Amino acid sequence: MRRILVTGAGTWTGGRLVQHLESRPDVQVRAVDEVEPRLTFTSPFRRVGLDRPELAQHLLDSAPETVVHLFGWDRGDAVGGTRAHEELVVGAQALFGAIGRSDTVRHVIVASDVAVYGSGPRHPSIFTETATDHGGRGRYRRDLLDMEQFVAEIGEHRPAVTFTVLRFAGVFGRNVDSPLSRYLRLATVPTLLGFDPRLQFIDDEDAVAALIHAVDHPVPGTFNIAAPGQLYLSRILRLGRRLPQPLPKRAFEAAVRGLARHDLVLPSHLVDQLRHGIVVDITRMEQDLGFVPQKTTRQAVLAGYGRTEAEATP
Amino acid sequence: MTGSPLERLTKAELLEMARQRGIRGRSRMTKADLVTALGAAPDATPDTPPEEPEPSGRRAALTGRLAAMVDPQRHCTWRSPDGDPCGLPVIRGAASCGLHGGIDCFDVATAVTGRLGFDAWPALLRQLRMASYDCDPIGLDPVVAELVWHLLNFLYFDYFHVEVEGIEHVPLHGPALLVANHGGAALPYDGAMLSLAVANEAERPRRVRVMGTEIFNMLPVVSHLFRKVGGAYASRDDASFLLAAGRLLAVFPEGDRGFQKPLSEAYQVQRFGRGGFITMAEQHSAPVVPVAILGSEEVHPAWWSSRTLARLVRLIWPQQRVETMGVVLNPIPLPVRWRIKFLPAVLPAHPGEHPDPLEMLERTEQIRGTIQDTLDRMIAARTTLF
Chain A
0 MRRILVTGAG TWTGGRLVQH LESRPDVQVR AVDEVEPRLT FTSPFRRVGL DRPELAQHLL
60 DSAPETVVHL FGWDRGDAVG GTRAHEELVV GAQALFGAIG RSDTVRHVIV ASDVAVYGSG
120 PRHPSIFTET ATDHGGRGRY RRDLLDMEQF VAEIGEHRPA VTFTVLRFAG VFGRNVDSPL
180 SRYLRLATVP TLLGFDPRLQ FIDDEDAVAA LIHAVDHPVP GTFNIAAPGQ LYLSRILRLG
240 RRLPQPLPKR AFEAAVRGLA RHDLVLPSHL VDQLRHGIVV DITRMEQDLG FVPQKTTRQA
300 VLAGYGRTEA EATP
Chain B
0 MTGSPLERLT KAELLEMARQ RGIRGRSRMT KADLVTALGA APDATPDTPP EEPEPSGRRA
60 ALTGRLAAMV DPQRHCTWRS PDGDPCGLPV IRGAASCGLH GGIDCFDVAT AVTGRLGFDA
120 WPALLRQLRM ASYDCDPIGL DPVVAELVWH LLNFLYFDYF HVEVEGIEHV PLHGPALLVA
180 NHGGAALPYD GAMLSLAVAN EAERPRRVRV MGTEIFNMLP VVSHLFRKVG GAYASRDDAS
240 FLLAAGRLLA VFPEGDRGFQ KPLSEAYQVQ RFGRGGFITM AEQHSAPVVP VAILGSEEVH
300 PAWWSSRTLA RLVRLIWPQQ RVETMGVVLN PIPLPVRWRI KFLPAVLPAH PGEHPDPLEM
360 LERTEQIRGT IQDTLDRMIA ARTTLF
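First to last, the sequence lines map onto chains A and B. In terms of numbering that gives the first Met the number 0, the first sequence is residues 0 to 313. In terms of numbering that gives the first Met the number 0, the second sequence is residues 0 to 385.
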């Protein structure tokens with residue numbers, strides 16, 4: 000019997016992962032989050048704040064072999080706030096501290112985000128996992144860097160444990176409800192006048208599949224997780240039949256603030272991505288991790304807009 | 000199925016036939032209307048003979064090369080999610096068109112309809128509207144690149160009358176670097192003309208990926224247009240990625256030192272940066288083709304180089320890093336005659352290795368010297384500016 004602890008099981012991706020894992024006969028799943036789960040599953044769920052010592056105790060008590068730490072990723076509007084920072088950084092510290100003390104944990108999967116690379120005019124056009132830090136705005140980016148730093152530090156102390164860090168591109172698809180997907184689904188989409196960013200996504204089911212693949216294949220290292228292909232924002236909105244509304248910088252910032260009042264907070268790292276774009280290299284994902292997504296970025300976008308008709312490619 | 004041979008043609012081809020036969024109101028007709036109108040007047044003689052200008056030899060060769068790449072009889076079977084067909088002719092010897100996998104459209108410069116011209120624009124704009132293809136990771140958009148290629152060919156053939164020598168030195172396959180002198184002070188016409196020279200004259204027209212500074216990423220509109228026509232950010236990461244993918248790069252190692260120099264220093268090739276391009280070439284075993292470009296300095300002659308102007312620009316725009324700026328008085332580019340000379344390729348000395356810094360500097364200086372000598376000889380041989 001393999002025991003797996005999933006933190007951050009409250010989101011769609013977390014819940015979906017738990018559903019997939021618990022359907023296996025030889026797996027016992029424990030789920031943790033500080034919000035009620037969006038999806039229903041039968042595995043024991045414990046509602047606990049990630050920055051509380053209870054989490055560390057819970058980890059030691061449940062004695063898992065595999066820990067899937069999803070808490071830093073796909074948290075919707077909470078990203079970038081003070082509370083999120085507390086959970087992301089302090090929670091990660093507590094969790095990795097507990098992993099350091101545990102003798103059962105063999106494999107740790109940490110979900111991160113391509114936001115760690117930042118996005119700007121002096122950034123490379125395509126990021127490999129080994130890209131040097133070119134800086135960037137946003138507290139979320141710094142928090143993720145801190146979290147990955149903890150992973151590196153604990154990895155040095157516990158060479159017997161395999162640490163897999165997955166840096167996910169923006170998740171888009173039929174089911175997710177992330178700020179980016181909600182922004183793209185607006186009827187009229189405010190864009191920045193004179194800028195047309197290149198964007199890359201991963202389908203929501205593929206994101207879960209990547210996590211399951213990582214659970215099944217413990218490969219140490221950091222991997223970008225994104226679908227093949229990239230599209231300009233203008234083409235994405237064409238595919239979704241959305242009307243772009245190009246605005247000058249000031250008006251665009253005002254529109255972003257306006258959206259924030261209507262429960263659609265675009266954190267500053269996303270605003271930067273909507274100006275300069277972000278594309279990552281997925282060679283290592285395909286070759287070293289061995290994961291190949293089902294959908295391309297185009298297909299993920301079409302699915303995200305509910306246009307499921309398959310393209311007949313020659 | 001009526002099986003009319005007219006229905007197998009694309010709308011652009013039908014429009015061309017309608018134009019030749021002088022059918023009125025053709026621009027507002029749908030494809031079905033065009034087929035009916037053309038079927039009703041099958042033997043109508045054209046009102047006026049088609050007023051095609053007599054193509055120059057090079058232009059005819061380009062048209063022939065581009066037309067030979069596609070097979071107009073067969074059409075791509077790609078369909079959009081709404082069921083709209085792609086409708087473009089397939090690449091000869093492949094199963095699909097230039098946008099949907101028939102050819103590596105990020106390396107080979109193709110005209111997806113088989114020709115460059117305004118009559119190809121409706122088909123191109125339709126692909127843009129359908130968003131039927133992906134861009135390159137760096138951002139090359141084959142359709143936008145083709146539209147710009149067509150427009151800039153006016154400058155290339157009719158305005159600057161670019162003459163090209165030694166195009167056979169440009170490798171037809173695999174990674175390579177074009178290293179050229181930089182000038183112009185106002186707009187980087189030399190990058191555009193260099194790309195067009197390879198796209199228009201080479202036996203296998205290739206896309207040249209011009210490396211530009213971060214200013215291209217900051218300016219509105221330019222930020223994405225530069226990428227869509229094939230530009231990249233001049234950094235090790237981008238150059239490495241493109242060379243590993245086997246692309247043809249163009250670098251101007253002088254950077255803004257070369258670009259902003261006054262007319263009195265025209266064609267004096269400045270120091271070649273830190274010579275990062277040699278390192279790249281060695282690591283990726285790519286040949287370096289030195290290129291001498293004559294004409295770029297006189298299009299917008301910079302009468303003097305001003306520190307004050309650069310300070311003023313920096314005041315409005317703190318990210319701008321140039322220290323001097325050329326003062327240009329003519330808003331319209333002068334119709335200078337251009338000459339581009341490609342020199343024999345310099346092969347990497349130790350392929351796949353990291354060269355030692357001194358050797359790197361020597362090789363950089365050697366390439367700079369070659370370009371300077373060629374430029375001096377070209378200036379001496381030049382009889383007229385226009």
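A virtual CB, placed ideally from N, CA and C, is assigned to each residue, including glycine. Model, not experiment: these values are computed from the prediction.
Judging by CA-CA distance, which residue of the options is the nearest neighbour of residue i?
i: A:Val-164; options: A:Arg-173, A:Gly-154, A:Asp-102, A:Arg-1; result: A:Gly-154
i: B:Glu-322; options: B:Pro-356, B:Val-298, B:Arg-256; result: B:Arg-256
i: B:Glu-213; options: A:Glu-204, A:Asp-195, A:Arg-260, A:Gly-119; result: A:Gly-119
i: B:Ser-239; options: B:Ser-284, B:Leu-262, B:Tyr-266; result: B:Ser-284
i: B:Arg-273; options: B:Phe-251, B:Phe-258, B:Gly-182; result: B:Phe-251
i: A:Thr-295; options: B:Asp-133, B:Asp-103, B:Val-89, B:Arg-25; result: B:Asp-133
i: A:Arg-138; options: A:Val-115, A:Leu-58, A:Arg-197; result: A:Val-115
i: B:Leu-171; options: B:Gly-165, B:Ala-280, B:Arg-205; result: B:Arg-205
i: B:Trp-148; options: B:Leu-195, B:Ala-67, B:Ala-130; result: B:Leu-195
i: B:Leu-374; options: B:Leu-328, B:Gln-267, B:Arg-310; result: B:Gln-267
i: B:His-74; options: B:Ile-90, B:Gly-82, B:Leu-61; result: B:Ile-90
i: A:Asp-328; options: A:Gln-148, A:Glu-152, A:Asn-174, A:Leu-210; result: Absent from the model: residue 328 of chain A. The displayed extent of chain A is 0 to 313, so no value can be given.
i: B:Gln-269; options: B:Ile-370, B:Arg-310, B:Leu-150, B:Asp-83; result: B:Ile-370
i: A:Val-278; options: B:Ile-137, B:Pro-330, B:Glu-352; result: B:Ile-137
Please report the Cβ distance between residue i and residue j, rounded to the nearest whole angstrom; I am assuming they are in contact, meaning their Cβ atoms lie under 8 Å.
i: B:Gly-113; j: B:Pro-141; result: Contact doesn't hold; Cβ gap of about 14 Å is too wide.
i: A:Leu-94; j: A:His-68; result: 6 Å
i: A:Val-207; j: A:Arg-45; result: The Cβ separation is near 21 Å, so there is no contact.
i: B:His-299; j: B:Ala-184; result: 5 Å
i: A:Gly-193; j: B:Pro-80; result: Actually they are not in contact, since the Cβ atoms of A:Gly-193 and B:Pro-80 sit about 29 Å apart, beyond 8 Å.
i: B:Arg-18; j: B:Arg-25; result: 7 Å
i: A:Ala-30; j: A:Ser-42; result: 5 Å
i: B:Leu-242; j: B:Pro-354; result: Incorrect: roughly 15 Å between the Cβ atoms, too far for contact.
Excluding the 5 residues flanking residue i on each side, which residues of the same chain have their C-beta closer than 6 Å to its C-beta?
i: B:Lys-10; result: Lys-30
i: A:Gly-239; result: Tyr-304
i: A:Pro-313; result: Below a pLDDT of 50, predicted positions are generally treated as unreliable, and A:Pro-313, at 45, falls in that range; no measurement from the model is reported.
i: B:Phe-271; result: Pro-252, Thr-363, Arg-367
i: B:Glu-162; result: Arg-338
i: B:Leu-177; result: Ala-249, Val-288, Val-290
i: A:Ile-235; result: Val-300
i: B:Ala-43; result: The pLDDT assigned to B:Ala-43 is 47, lower than 50, so where the model puts this residue is not dependable, and the model offers no usable value.
i: B:Pro-84; result: Arg-78
i: A:His-106; result: Thr-65, Thr-161, Pro-217
Give me, in chain order, the residues of the same chain whose beta-carbon lies closer than 7 Å to that of residue i; leave out the 5 immediate sequence neighbours on both sides.
i: B:Ala-379; result: none
i: B:Met-377; result: Ala-291, Leu-293, Arg-338, Lys-340
i: B:Asp-189; result: Ala-179, His-181, Gly-182, Gly-183, Ile-292, Ser-295
i: A:Ile-362; result: For chain A, the structure presents residues 0 to 313; residue 362 of chain A sits outside this window and is missing.
i: B:Glu-50; result: The predicted model places B:Glu-50 with a pLDDT of 49, which falls under 50 and marks its position as unreliable; any figure quoted below should be read in that light. If we look at B:Glu-50 and ignore the five residues flanking it on each side, it has no Cβ neighbours.
i: B:Ala-418; result: No information on residue 418 of chain B is available, as it lies outside the stretch 0 to 385 that chain B covers here.
Cutting at 8 Å between CB atoms, please list the residues of its own chain near residue i, excluding the five before and the five after it.
i: A:Arg-121; result: His-133
i: B:Arg-57; result: Phe-156, Asn-199, Glu-200
i: A:Leu-210; result: Thr-12, Leu-16, Val-67, Leu-69, Ile-108, Ala-110, Leu-165
i: B:Ser-131; result: Trp-77, Ser-79, Cys-85, Leu-98, His-99
Less than 7 Å between the CB of residue i and some heavy atom of the ligand COA, yes or no?
i: B:His-160; result: Ligands displayed in this structure: none; no statement on the ligand COA is therefore possible.
Check distances from the C-beta atoms of the stretch 122-141 of chain B to those of chain C and list, in chain order, the residues that come in under 9 Å.
Among the protein chains in the structure shown, which are A and B, there is no chain C.
Going residue by residue through the stretch 91-137 of chain B, where are the continuous beta strand (DSSP E) segments of at least 3 residues, counting only ones entirely within it?
Runs found: none.
Which runs of the beta strand (DSSP E) at least 3 residues long sit entirely within the stretch 188-213 of chain A? Give them in chain order.
Taking only runs of at least 3 residues, the beta strand (DSSP E) segments lying wholly in the stretch 188-213 of chain A are 200-202.
Can at least three beta-carbon pairs, one atom from the stretch 2-11 of chain A and one from the stretch 49-67 of chain A, be found at a separation below 8 Å?
Taking 8 Å as the limit for Cβ pairs, the verdict is that the stretch 49-67 of chain A does touch the stretch 2-11 of chain A.
The stretch 199-209 of chain B / the stretch 342-355 of chain B touching (three or more Cβ pairs under 8 Å)
No: the two stretches stay apart, fewer than three of their Cβ pairs being nearer than 8 Å.
Counting pairs of Cβ atoms below 8 Å between the stretch 205-223 of chain A and the stretch 244-254 of chain A, do you hit three or more?
Output reads no: the stretch 244-254 of chain A does not touch the stretch 205-223 of chain A.
I want to know whether the stretch 135-153 of chain B touches the stretch 92-110 of chain B - three or more CB-CB distances under 8 Å.
In short, these stretches touch, since the Cβ pair count reaches three.
Identify every run of the alpha helix (DSSP H) within the stretch 287-357 of chain B, keeping only runs that are complete inside it and at least 4 residues long; order them along the chain.
For the stretch 287-357 of chain B, whole alpha helix (DSSP H) runs of length 4 or above, ordered along the chain, are 295-298, 306-315.
Complete beta strand (DSSP E) runs within the stretch 53-87 of chain B (minimum length 3 residues, chain order)
Listed in chain order, they are 69-74.
In chain order, each alpha helix (DSSP H) run of at least 4 residues that lies wholly inside the stretch 167-209 of chain B:
Every alpha helix (DSSP H) of 4 residues or more that sits fully in the stretch 167-209 of chain B is shown, in chain order, as 188-200.
Could you check whether the stretch 141-161 of chain A touches the stretch 94-105 of chain A, counting it as contact only if at least three pairs of C-beta atoms, one from each stretch, sit closer than 8 Å?
Yes, the stretch 141-161 of chain A is in contact with the stretch 94-105 of chain A.
Is the stretch 224-236 of chain A touching the stretch 282-300 of chain A, taking contact as three or more C-beta pairs under 8 Å?
Flag = yes, the stretch 224-236 of chain A and the stretch 282-300 of chain A touch.
To test your reading of the DSSP string, which unbroken alpha helix (DSSP H) runs of 4 or more residues are found completely within the stretch 223-304 of chain A?
The qualifying runs are 232-238, 248-260, 267-275, 296-303.
Just to confirm the assignment: which complete beta strand (DSSP E) runs, minimum length 3, are found wholly within the stretch 244-282 of chain B?
Annotation: the stretch 244-282 of chain B contains the following complete segments of the beta strand (DSSP E) (minimum length 3 residues), in chain order: 247-250.
Can you list the alpha helix (DSSP H) stretches of 4 or more residues lying completely in the stretch 99-172 of chain A, in chain order?
Entirely contained in the stretch 99-172 of chain A, the alpha helix (DSSP H) runs reaching 4 residues are, in chain order, 138-156.
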